[in-house]
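A short write-up of the structure that comes next.
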Amino acid sequence: MSESPEKKSAGWKIVQSICMELDAALTFAGGNYFAAGTTPELIPLRQANSDDWLKEWDIYYGDMNWFCSVLETASILAGVLEEADYSRATMTIRQTTIESAILNLEKQAALYDMQSNENLPPEDSLIDLFVRYRKYAYESIGFAHPGDPMYESRLKKEIRFCLEIFRGGRHHDPYWHWLDHFYYQVYHPWRESRRNFMVDLEKKLITVLGSAKATDRIPDLNWLPSLNPALRYPEIGRAIRSARLPLNFWLEPFGFSDTFSLLPGQVYLSFAEPGKIYESFAEYSRLLSARVQALADPTRLIILRLIRAFSMTNTDMAAYLGISRPTVSIHARILREAGLINSREEGRITRHEINSEAVKKLFHDLSVYLDLPFDPPED
816 MSESPEKKSA GWKIVQSICM ELDAALTFAG GNYFAAGTTP ELIPLRQANS
866 DDWLKEWDIY YGDMNWFCSV LETASILAGV LEEADYSRAT MTIRQTTIES
916 AILNLEKQAA LYDMQSNENL PPEDSLIDLF VRYRKYAYES IGFAHPGDPM
966 YESRLKKEIR FCLEIFRGGR HHDPYWHWLD HFYYQVYHPW RESRRNFMVD
1016 LEKKLITVLG SAKATDRIPD LNWLPSLNPA LRYPEIGRAI RSARLPLNFW
1066 LEPFGFSDTF SLLPGQVYLS FAEPGKIYES FAEYSRLLSA RVQALADPTR
1116 LIILRLIRAF SMTNTDMAAY LGISRPTVSI HARILREAGL INSREEGRIT
1166 RHEINSEAVK KLFHDLSVYL DLPFDPPED
């Protein structure tokens, strides 16, 4: 691919994207994303769904254990990324076929001298072009694209799922019936409850920048919270300030301050101040760290093993380890407060049992927190 000439394009605008919103909402509603259980504003998105709905969530998203962007991807391929209306956006996606998706993407990619590979089958051709298109967004501004193969494999999985909900796809009818239920019964009422938040957020941006839209000016970025990608990633900030990347301020109801989506010639940034969702994240991190620290001691690991294998008492473990009984009691208390063991008194004897499910959950929660794949490691 030849390198496209640098395009100058200053300006900004406020955009809403129902598909980007729904990606986040669906992650909170059914996924393992930890903030969903700890942030009061988000709890209704999770608690309002029936067991049957959650079972279907697992069918569609169960093997995508990340903050996935299925509907964002679908809306890019269908040409409705910046559509705020649910009916208009989803109707277009429902009517999209693999052939029309390829045509839409080819038109967008041609602006940057990218073509589809006609030697590949249609599905593979679409995936190949879309991956190159998304990577070019990073390369074009000198931003180091994630080199982890997991990024590409996740992107491919999302595209393949898009094909299953496009017209003629095997999940087309059941998925859209399922999503309609979530939108009208859960998400839309919740979003209405966040209307004042969104109005205030928009007013603040207009007050700072002077208008909701401009095509000939470079936006001031200094007012953004420090977590914002325009400040956190120098490549994005430089591209905006040098008029190489017009800025789309993503107006959303969740209160994100660190979210972005990068396309060739476009960047979408959330711009809220860090609020309860980030306070909850920090508190969750602290609690998870305390549980991890309970294991981060060789003596406590040995104690766990002794409890598991031999059901030793404090006195037995003190003798085995050559340490005092009060020291064993302190270690046991740390493990108990972390929820990793249960203890009971039998007269003057303290007996313990390992909480196997809590230990398993600790490693699961740590994997989710670090965004690690759940697949077993390769030999």
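Read in order, the letters of the sequence shown are residues 816 to 1194 in my numbering.
Ideal placement from N, C-alpha and C gives every residue a C-beta, glycine not left out.
Let me know if W1038 comes out buried or exposed under the rule of 16 or more other beta-carbons within 10 Å of its beta-carbon.
-> Here residue 1038 refers to the residue found at position 223 of the sequence shown. W1038 is exposed by the Cβ-count criterion.
Please go through the same chain and pick out, in chain order, the residues whose beta-carbon is closer than 8 Å to the beta-carbon of L860, but skip the five residues on each side of it.
-> Residue numbering aside, residue 860 sits at position 45 when the sequence shown is read from its first letter. So the qualifying residues of the chain are A840, F843, A844, A851, V1001, Y1002 and W1005.
Are the beta-carbon atoms of V946 and K922 separated by less than 8 Å?
-> Numbered from its first residue, the sequence shown carries residue 946 at position 131. Numbered from its first residue, the sequence shown carries residue 922 at position 107. Cβ distance not < 8 Å, so V946 and K922 don't count as in contact.
If I974 sits next to T888, beta carbons under 8 Å apart, how far is it from one beta carbon to the other, in whole angstroms?
-> Within the sequence shown, the letter at position 159 stands for residue 974. Within the sequence shown, the letter at position 73 stands for residue 888. Confirmed, Cβ separation roughly 6 Å.
R1159 lies in the beta strand (DSSP E); which residues open and close that run?
-> Position 344 of the sequence shown, counting from 1, holds the residue named residue 1159. Looking at the DSSP string, the run of the beta strand (DSSP E) that includes R1159 is I1156 to E1161.
Reference H1179; option with closest CA among T1165, R1106 and A1111 | The residue labelled residue 1179 in the question sits at position 364 within the sequence shown. Out of T1165, R1106 and A1111, R1106 has the C-alpha closest to the C-alpha of H1179.
Nearest to Y875 by CA position, among L941, S1100, F976 and L1066, is which residue?
-> Counting from one through the sequence shown, the residue named residue 875 turns up at place 60. Of L941, S1100, F976 and L1066, the residue nearest in Cα terms is F976.
Return yes when at least one heavy atom of the ligand GDP lies under 7 Å from the C-beta of E1160, else no.
-> This structure does not include the ligand GDP; it has no bound ligands of any sort.
Every unbroken beta strand (DSSP E) within the stretch 1047–1129, with a cutoff of 3 residues, ordered by chain | 1062–1065, 1075–1078 and 1081–1084
Own chain partners of P1265 with C-beta closer than 8 Å, once the 5 adjacent residues on each side are dropped = What is shown of the chain runs 816 to 1194, which leaves residue 1265 out entirely.
Please classify E1168: does DSSP put it in a helix, a strand, or coil?
-> As a working note, residue 1168 is residue 353 in the sequence shown. Of the three classes helix, strand and coil, the one that applies to E1168 here is strand, per DSSP.
Please confirm if the stretch 1118–1137 is in contact with the stretch 1159–1166, defined as three or more CB-CB distances below 8 Å between the two stretches.
-> yes
Give the straight-line distance between the Cα atoms of S955 and Y1184, rounded to the nearest whole angstrom.
-> Counted from its first residue, the sequence shown places residue 955 at position 140. Counted from its first residue, the sequence shown places residue 1184 at position 369. Computed Cα separation, rounded: 30 Å.
Rounded C-alpha distance that separates R1148 from T854 | Translated into positions along the sequence shown, residue 1148 becomes position 333. Translated into positions along the sequence shown, residue 854 becomes position 39. Near 29 Å, if we compare the C-alpha coordinates of T854 and R1148.
State the Cα-Cα distance for the pair F806 and H987, rounded to the nearest angstrom.
-> Since the first and last residues shown for the chain are 816 and 1194, residue 806 lies out of range.
Identify, in the order they occur along the chain, each residue of the same chain with its Cβ nearer than 6 Å to the Cβ of T1030, setting aside the five sequence neighbours on each side.
-> For the purposes of this step, residue 1030 is identified with residue 215 of the sequence shown, where counting begins at 1. Once the five neighbours on either side are set aside, the close Cβ partners of T1030 are G826.
In the DSSP assignment, what residue or residues form a beta bridge with K1028?
-> By one-based count along the sequence shown, residue 1028 stands at place 213. According to DSSP, which records beta bridges pairwise, K1028 is partnered with K828.
Run the CB neighbour count on P820, radius 10 Å, all protein chains shown included, and call it buried at 16 or more, exposed below.
-> Taking the first residue of the sequence shown as 1, we reach residue 820 at position 5. Note on P820: pLDDT 46, under 50, position unreliable in the model; no value is reported.
How should P1049 be labelled, buried or exposed, when 16 other C-beta atoms within 10 angstroms of its C-beta is the threshold for buried?
-> On the sequence shown, residue 1049 is found 234 positions in, with the first residue counted as 1. Per the 10 Å Cβ criterion, exposed.
Pick helix, strand or coil for P989, following the three-state DSSP scheme.
-> In the sequence shown, residue 989 corresponds to position 174, counting from 1. The answer is helix: DSSP assigns P989 an H, G or I state.
R1123: which of A1109, I1169 and S1104 sits nearest, CA to CA?
-> Residue 1123 sits at position 308 when you count from the first residue of the sequence shown. Selected option, being the one with the closest Cα: I1169.
Distance, F1086 Cα to S940 Cα = For this step, residue 940 is matched to residue 125 along the sequence shown. For this step, residue 1086 is matched to residue 271 along the sequence shown. Going by the C-alpha atoms only, they are around 35 Å apart.
Option nearest M906 by Cα separation, candidates D943, D1073, A916 and A893 | Taking the first residue of the sequence shown as position 1, residue 906 is located at position 91. Of D943, D1073, A916 and A893, the residue nearest in Cα terms is A893.
Candidates P936, Y927, P937 and R1009: which alpha carbon is nearest K950's?
-> Numbered from 1 along the sequence shown, position 135 holds the residue referred to as residue 950. Checked all of P936, Y927, P937 and R1009; the closest Cα to K950 is Y927.
From D873 to T1142, what distance separates their C-alpha atoms?
-> In the sequence shown, residue 873 corresponds to position 58, counting from 1. In the sequence shown, residue 1142 corresponds to position 327, counting from 1. Using only the alpha carbons, I get a separation of about 45 Å.
Take A1045 and list the residues in its own chain whose beta-carbon comes closer than 7 Å to its own, dropping the five residues that flank it on each side.
-> Counted from its first residue, the sequence shown places residue 1045 at position 230. Around A1045: L1036, L1039, I1051, G1052, I1055 and L1084.
Please name the residue, chosen from W991, H992, G1070 and Y999, that lies closest to R1010 on a Cα-to-Cα basis.
-> Looking up residue 1010 in the sequence shown gives position 195. Considering only alpha carbons, the answer is G1070.
Got a sec: is the Cβ-Cβ distance from R1032 to anything in chain C below 8 Å?
-> The structure shown contains no chain C; it holds only a single protein chain.
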